[in-house]
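Residue numbers (my numbering): 7 to 112. Backbone N, C-alpha and C define an ideal beta-carbon position, used for all residues, glycine too. Since we're looking at a predicted model, the values are computed, not measured. Worksheet: the structure to be examined is printed underneath.
Below you can see the structure in the form of structure tokens.
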């Protein structure tokens, strides 16, 4: 190999290294963007899970309240809501200590 061929080989190698370096820099930037996006999605996912938990808790509380209100309305209509006499009419709309216990518990 003569000197000119050797310098040409070095120039080609330098050019190839510069192209490879530019590609590596592009890949590095893309990787950083992916990491940032992944972090944002993880944070958003955590916040959404927390909000979903809140909504489920609120829904359970609402359902519990609605159930109690339903039992109260049945009792006010003159029927038993206790396990012993459920659905039977209360005579003269007298108070039932079993029904009252259920209402007080809820």
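Hey, out of 91, 95 and 69, whose CA is closest to residue 104's CA? 91
Just verifying my parser: in three-state terms, what is the DSSP assignment at residue 104? helix
Rounded to a whole number of angstroms, what is the C-alpha to C-alpha distance between residue 13 and residue 50? 55 angstroms
In angstroms with no decimal places, state the Cα-to-Cα distance between residue 46 and residue 39. 11 angstroms
Reduced DSSP category for residue 85 - H, G, I as helix; E, B as strand; rest coil: strand
Between 95, 80 and 97, which has its C-alpha nearest residue 108's C-alpha? 80
Given this structure, state the Cα-to-Cα distance separating residue 99 from residue 86, to the nearest angstrom. 9 angstroms
Whose C-alpha, out of 88, 97 and 94, is nearest the C-alpha of residue 106? 88
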